[in-house]
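Undergrad:
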Amino acid sequence: MSAPDLHGPLLRVAQRWMPRILTQVCRDPTSPLFGCADRNWWHYKIRDFPSIILQQAGYALHEAARLPQWHDQREALEAIAAASARFWNARAQKHYAFEEYYPWEQGYPPLAFATLAVAKLADQGVVAVEDVRDGLRIAARQLRTRFEAQAGNQQVAGLAALAWIDKVLPQDADPAAFAQVKARTLDLQHAEGWFWEYDGPDLGYLAVTIDCLWDLYDATGDADYRDAIARALGFMAAFPAAAPKGVGQHNSRNTDYLVPYGIIRSAIEGTEPERADAARVAQWAFASADSEDHTYAATDDRYICHYIGHSVMRALALLEGRAALASDAAAPAPRLFEGSGHYLADGLIVSPRKGGILTISRASGEASDFGWIVERDETQYVSHWWSADWSIEPVDGGIAVAGRMFSHSEKLSNPFQHIVLRCLAFVLGKRLIPILKRVLIFKRGGQSEPVFNRKITHRDGSVEITDRIEGLRTADRVLRAPRASKRHVASADSYHPQDLAPIRGFELFEERSATPDAITIVTRITPC
Numbered sequence: 189m190s191a192p193d194l195h196g197p198l199l200r201v202a203q204r205w206m207p208r209i210l211t212q213v214c215r216d217p218t219s220p221l222f223g224c225a226d227r228n229w230w231h232y233k234i235r236d237f238p239s240i241i242l243q244q245a246g247y248a249l250h251e252a253a254r255l256p257q258w259h260d261q262r263e264a265l266e267a268i269a270a271a272s273a274r275f276w277n278a279r280a281q282k283h284y285a286f287e288e289y290y291p292w293e294q295g296y297p298p299l300a301f302a303t304l305a306v307a308k309l310a311d312q313g314v315v316a317v318e319d320v321r322d323g324l325r326i327a328a329r330q331l332r333t334r335f336e337a338q339a340g341n342q343q344v345a346g347l348a349a350l351a352w353i354d355k356v357l358p359q360d361a362d363p364a365a366f367a368q369v370k371a372r373t374l375d376l377q378h379a380e381g382w383f384w385e386y387d388g389p390d391l392g393y394l395a396v397t398i399d400c401l402w403d404l405y406d407a408t409g410d411a412d413y414r415d416a417i418a419r420a421l422g423f424m425a426a427f428p429a430a431a432p433k434g435v436g437q438h439n440s441r442n443t444d445y446l447v448p449y450g451i452i453r454s455a456i457e458g459t460e461p462e463r464a465d466a467a468r469v470a471q472w473a474f475a476s477a478d479s480e481d482h483t484y485a486a487t488d489d490r491y492i493c494h495y496i497g498h499s500v501m502r503a504l505a506l507l508e509g510r511a512a513l514a515s516d517a518a519a520p521a522p523r524l525f526e527g528s529g530h531y532l533a534d535g536l537i538v539s540p541r542k543g544g545i546l547t548i549s550r551a552s553g554e555a556s557d558f559g560w561i562v563e564r565d566e567t568q569y570v571s572h573w574w575s576a577d578w579s580i581e582p583v584d585g586g587i588a589v590a591g592r593m594f595s596h597s598e599k600l601s602n603p604f605q606h607i608v609l610r611c612l613a614f615v616l617g618k619r620l621i622p623i624l625k626r627v628l629i630f631k632r633g634g635q636s637e638p639v640f641n642r643k644i645t646h647r648d649g650s651v652e653i654t655d656r657i658e659g660l661r662t663a664d665r666v667l668r669a670p671r672a673s674k675r676h677v678a679s680a681d682s683y684h685p686q687d688l689a690p691i692r693g694f695e696l697f698e699e700r701s702a703t704p705d706a707i708t709i710v711t712r713i714t715p716c
């Protein structure tokens with residue numbers, strides 16, 4: 189079979205994104221804010237601190253400067269990239285530095301990702317090591333003593349940042365401390381190949397992890413990172429035939445996008461089966477990267493600057509002048525991943541750990557069912573929530589899911605809450621972060637929420653879903669859930685065509701029967 193071109197679509201994405209990246213960065217060399225990548229701070233003045241994670245934009249500009257399309261602007265782009273690193277260095281030395289969402293946050297993602305970008309800029313001579321030495325030393329001390337167990341991609345990025353700091357500041361390296369952090373980091377990889385991301389696997393963040401594992405390999409030459417890459421790609425390669433239009437909401441963190449650099453590098457440099465797995469994933473994820481319904485079309489400026497942009501630029505350097513990557517997408521036999529909980533079949537993906545949400549794909553289109561919401565006064569009870577609390581049972585021709593729904597009340601931002609947040613952050617720094625995560629992300633089911641049971645069977649391209657919700661009250665409203673999960677994740681909730689039309693090329697038939705405290709709903713989804 190002929191392999192699709194990946195360079196062309198990704199180049200068109202990069203050409204669309206470059207003006208947007210440059211708009212985010214202060215480009216005035218006479219300004220004290222030269223190199224700041226937070227436009228909301230340096231230009232609009234609507235943010236009272238610069239989100240330092242956005243300094244990765246400078247690394248994206250450096251990677252773009254290496255490409256022939258921006259060769260004539262290389263000197264100017266490298267100057268902005270160097271300024272971005274120096275701006276990062278100045279901020280890294282402030283009280284409770286490494287801010288992403290609020291002042292004095294001491295956040296781990298800005299520590300890991302922005303430091304990794306700056307350390308690589310220093311290694312490549314874009315900025316003088318002496319210009320960023322103080323910030324790198326501060327970051328290294330934290331990276332040796334802090335550990336992000338709940339978000340594997342962040343921890344791998346932090347380890348990669350530490351590896352590159354040790355490379356550019358070898359006199360400060362602590363091999364014993366690095367070895368300890370390395371062992372704990374690689375232990376975050378599940379036997380199925382994925383890394384833990386908020387209680388489960390997320391292919392979008394797994395792609396980021398693969399990028400950073402390559403960075404670790406480049407900095408250290410340690411083959412353990414290549415082994416981790418191969419296992420991760422083995423897991424990812426199971427999904428293209430089950431979800432040909434993408435996984436999206438079936439991820440633990442609701443992430444629609446994949447990043448290309450590490451996947452494409454494995455498709456070029458990997459041995460079998462890593463190479464074939466990577467080529468399959470790359471074609472699936474990036475062959476239509478420039479289309480209007482691709483996730484990159486809806487990616488916001490923050491995430492173009494925060495990681496995705498420079499991964500695209502790095503991938504283009506690998507693909508320049510290279511033949512297309514040939515692969516296939518073999519149809520899988522129905523399979524349940526015991527660890528991740530995903531049930532995969534040809535053109536069907538079910539996520540039992542998200543209350544049994546599902547997506548079915550055929551040539552005619554795509555259809556998804558995202559479960560139910562029970563509205564009760566000011567509280568919503570939702571089934572679309574990633575949790576290990578769901579019980580999963582294989583049934584003949586499908587899968588069954590059971591558990592209690594999750595209560596949710598929308599958190600509204602207001603000036604008073606932001607004042608309190610800033611006061612607490614100034615005193616507590618990073619100690620505040622676990623508290624906020626418990627409020628926004630890591631809910632557990634209780635004993636008073638409605639009970640939800642779902643049975644899914646599939647045959648001949650159609651799906652039948654039998655749902656039963658118990659513990660209802662007379663005034664409760666039972667509504668079909670929209671695409672977006674209520675579980676808060678910053679990178680999620682970019683626009684997706686299924687926000688407007690979850691059923692395309694299929695027909696949905698529904699039957700309801702209710703008693704005073706329960707409802708049974710049978711849904712059939714069939715191709716048109």
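Take the sequence shown: its position 395, counted from the start at 1, is 583 in the working numbering, and no numbers get skipped.
Ideal placement from N, C-alpha and C gives every residue a C-beta, glycine not left out.
(1) With distances taken between CB atoms, is the gap from Tyr405 to Tyr413 smaller than 8 Å?
(2) Around the Cβ of Val583, are there at least 16 other Cβ atoms within 10 angstroms (buried) or fewer (exposed)?
(3) Span of the alpha helix (DSSP H) holding Val369?
(4) If distances are taken between C-alpha atoms only, which option among Glu581, His195, Ala225 and Ser556 comes closest to Arg208?
(5) Could you tell me if Ile653 is buried or exposed, where buried requires 16 or more neighbouring beta carbons within 10 angstroms of its beta carbon?
(6) Any idea what DSSP makes of Gly566, helix, strand or coil?
(7) Enumerate in chain order the residues of its own chain whose CB-to-CB distance from Leu696 is below 6 Å, with the five nearest sequence positions on each side excluded.
(8) Taking the C-alpha atoms as reference points, what is the distance between Ala588 and Lys643?
(9) Using 8 Å as the cut-off, can you tell me whether the region 213–230 makes contact with the region 501–512, which would need three or more C-beta pairs spanning the two stretches below that distance?
(10) Taking just the CA atoms, how far does Leu255 sit from Ser648?
(11) Under the assumption that Arg453 contacts Trp402 (Cβ atoms under 8 Å), give the Cβ distance between them as a whole number of angstroms.
(12) Hey, out of Glu266, Phe427, Pro389 and Thr708, whose CA is closest to Ser575's CA?
(13) For Ala416 versus Gly527, is the C-beta distance shorter than 8 Å?
(14) If you draw a straight line from the C-alpha of Ala477 to the C-alpha of Leu616, how long is it?
(15) I'd like to know whether the C-beta atoms of Ala364 and Leu532 end up nearer to each other than 8 Å.
(16) Let me check understanding here. Comparing Cα to Cα, which of Phe630, Ala706, Asn641 and Pro715 lies closest to Ala737?
(17) Between the Cα of Tyr296 and the Cα atoms of Ile240, Leu513, Phe275 and Gln605, which residue gives the shortest distance?
(18) Closest by CA to Val666, which one among Pro690, Thr708, Ala302 and Asn277?
(19) For Lys308, list the residues DSSP reports as bridge partners.
(20) Express the C-alpha separation of Gly409 and Glu508 in angstroms, rounding to a whole number.
(21) Closest to Ala367 by CA distance: which of Leu347, Arg510 and Asp399 is it?
(22) Measure how close the beta-carbons of Gln244 and Cys493 come, nearest whole angstrom, since I'm counting them as under 8 Å.
(23) Confirm, please, whether the CB-CB distance from Lys370 to Asp311 is below 8 Å.
(24) By the 10 Å Cβ neighbour count, where 16 or more other Cβ atoms means buried, how is Thr547 classified, buried or exposed?
(25) Are there 16 or more other CB atoms within 10 angstroms of the CB of Met189, so buried, or fewer, so exposed?
(26) Excluding the 5 residues flanking Lys618 on each side, which residues of the same chain have their C-beta closer than 7 Å to its C-beta?
(27) Apart from the five residues on each side of it in sequence, which residues of its chain come closer than 8 Å, Cβ to Cβ, to Leu265?
(28) Return the chain-ordered list of same chain residues with a C-beta closer than 8 Å to the C-beta of Ser597, the five sequence neighbours on each side being excluded.
(29) Let me make sure I understand the geometry here. Which of Leu324, Arg668 and Val317 has the alpha-carbon closest to that of Trp560?
(30) Please list the segments of the alpha helix (DSSP H) lying wholly inside the region 616–643, counting only runs of 4 or more residues, in order along the chain.
(31) Less than 8 Å between the C-beta atoms of Ala679 and Tyr484, yes or no?
(32) Once DSSP output is grouped into helix, strand and coil, what is the label at Met189?
(33) Using the C-alpha atoms, what's the distance from Val570 back to Gln635?
(34) Identify the continuous alpha helix (DSSP H) that holds Thr654 and give its terminal residues.
(35) Taking its Cβ as the centre, do 16 or more other Cβ atoms sit within 10 Å of Ser601, making it buried, or is it exposed?
(36) Can you tell me whether DSSP reads Val710 as helix, strand or coil?
TA: From the atom records:
(1) Position 217 of the sequence shown holds residue 405. Position 225 of the sequence shown holds residue 413. Yes, the pair counts as a contact, with Cβ atoms nearer than the cut-off.
(2) Sequence index remark: in the sequence shown, residue 583 carries index 395 (1-based). The residue is exposed, with fewer than 16 neighbouring Cβ atoms inside 10 Å.
(3) By 1-based counting over the sequence shown, the position of residue 369 is 181. Per DSSP, Val369 belongs to the alpha helix (DSSP H) from Pro363 to Leu374.
(4) Residue mapping note: residue 208 aligns to position 20 of the sequence shown, counting from 1. Nearest option by C-alpha distance: Ala225.
(5) Translated into positions along the sequence shown, residue 653 becomes position 465. Ile653 is buried by the Cβ-count criterion.
(6) If you number the sequence shown from 1, residue 566 lands on position 378. First, the residue type needs correcting, since residue 566 is Glu and not Gly in the sequence shown. Here Glu566 sits in coil by DSSP.
(7) Against the sequence shown, residue 696 aligns to sequence position 508. Counting only Cβ-Cβ distances below 6 Å, and skipping sequence neighbours, we find Ile713.
(8) Reading the sequence shown from its first residue, position 400 is the one you call residue 588. Reading the sequence shown from its first residue, position 455 is the one you call residue 643. One C-alpha to the other measures close to 4 Å.
(9) Verdict: no, contact absent.
(10) Looking up residue 648 in the sequence shown gives position 460. Looking up residue 255 in the sequence shown gives position 67. The amino acid occupying residue 648 in the given sequence is Asp; Ser does not appear at that position. When rounded, the distance between both Cα atoms is 48 Å.
(11) Start at 1 with the first residue of the sequence shown, and residue 453 comes out as number 265. Start at 1 with the first residue of the sequence shown, and residue 402 comes out as number 214. That belief holds up - the Cβ atoms of Arg453 and Trp402 are roughly 6 Å apart, short of 8 Å.
(12) For the purposes of this step, residue 575 is identified with residue 387 of the sequence shown, where counting begins at 1. Among Glu266, Phe427, Pro389 and Thr708, the Cα nearest to that of Ser575 belongs to Pro389.
(13) Walking along the sequence shown from the start, residue 416 turns up at place 228. Walking along the sequence shown from the start, residue 527 turns up at place 339. The Cβ atoms of Ala416 and Gly527 lie no closer than 8 Å to each other.
(14) Working through the sequence shown from its first residue, we reach residue 477 at position 289. Working through the sequence shown from its first residue, we reach residue 616 at position 428. Taking the straight line joining both Cα atoms gives about 42 Å.
(15) Locating residue 364 in the sequence shown gives position 176, where the first residue counts as 1. Locating residue 532 in the sequence shown gives position 344, where the first residue counts as 1. Not in contact: Ala364 and Leu532 (Cβ atoms no closer than 8 Å).
(16) As displayed, the chain neither begins before 189 nor continues past 716, which places residue 737 out of reach and without an answer.
(17) Reading the sequence shown from its first residue, position 108 is the one you call residue 296. The shortest Cα separation from Tyr296 among Ile240, Leu513, Phe275 and Gln605 belongs to Ile240.
(18) Taking the sequence shown and counting its residues from 1, the one referred to as residue 666 is at position 478. The shortest Cα separation from Val666 among Pro690, Thr708, Ala302 and Asn277 belongs to Thr708.
(19) For the purposes of this step, residue 308 is taken as the residue at position 120 of the sequence shown. For Lys308, which the question treats as bridged, DSSP gives no partner whatsoever.
(20) Numbered from 1 along the sequence shown, position 320 holds the residue referred to as residue 508. Numbered from 1 along the sequence shown, position 221 holds the residue referred to as residue 409. Whole-angstrom Cα-Cα distance: 25 Å.
(21) For this step, residue 367 is matched to residue 179 along the sequence shown. When only C-alpha atoms are compared, the closest one is Leu347.
(22) As a position in the sequence shown, residue 244 is number 56, starting the count at 1. As a position in the sequence shown, residue 493 is number 305, starting the count at 1. About 6 Å separates the two Cβ atoms, so the contact holds.
(23) Counting from 1 along the sequence shown, the entry for residue 311 is found at position 123. Counting from 1 along the sequence shown, the entry for residue 370 is found at position 182. Cβ atoms of Asp311 and Lys370: not closer than 8 Å.
(24) On the sequence shown, residue 547 is found 359 positions in, with the first residue counted as 1. It counts as buried.
(25) Working through the sequence shown from its first residue, we reach residue 189 at position 1. Residue confidence is low: Met189 scores 45 on pLDDT, short of 50, so the model does not pin down where it sits. No coordinate-derived value is stated.
(26) Against the sequence shown, residue 618 aligns to sequence position 430. Correct list, in chain order: Gln294.
(27) Position 77 of the sequence shown holds residue 265. Excluding sequence neighbours, Leu265 sits near Leu249, His250, Ala252, Ala253 and Trp258.
(28) Residue mapping note: residue 597 aligns to position 409 of the sequence shown, counting from 1. If we look at Ser597 and ignore the five residues flanking it on each side, its Cβ neighbours are Glu566, Thr567 and Gln568.
(29) Taking the first residue of the sequence shown as 1, we reach residue 560 at position 372. Nearest of Leu324, Arg668 and Val317 to Trp560, Cα basis: Arg668.
(30) 621–628
(31) Taking the first residue of the sequence shown as position 1, residue 679 is located at position 491. Taking the first residue of the sequence shown as position 1, residue 484 is located at position 296. The displayed chain sequence assigns Ser, not Ala, to residue 679. No; because the gap between Cβ atoms is not below 8 Å, this pair is not in contact.
(32) The sequence position of residue 189 within the sequence shown is 1, counting from 1. Model confidence at Met189 stands at a pLDDT of 45, short of 50, so the residue's coordinates are unreliable; what they give is reported in the following sentence. Correct three-state label for Met189: coil.
(33) By one-based count along the sequence shown, residue 635 stands at place 447. By one-based count along the sequence shown, residue 570 stands at place 382. Distance between the alpha carbons of Gln635 and Val570 is about 14 Å.
(34) Within the sequence shown, the letter at position 466 stands for residue 654. It is not in any alpha helix (DSSP H) - Thr654 instead sits in the beta strand (DSSP E) that spans Ser650 to Glu658.
(35) Translated into the one-based positions of the sequence shown, residue 601 becomes position 413. That one is exposed.
(36) In the sequence shown, counting from the first residue as 1, residue 710 sits at position 522. Val710: strand per DSSP, three-state reduction.
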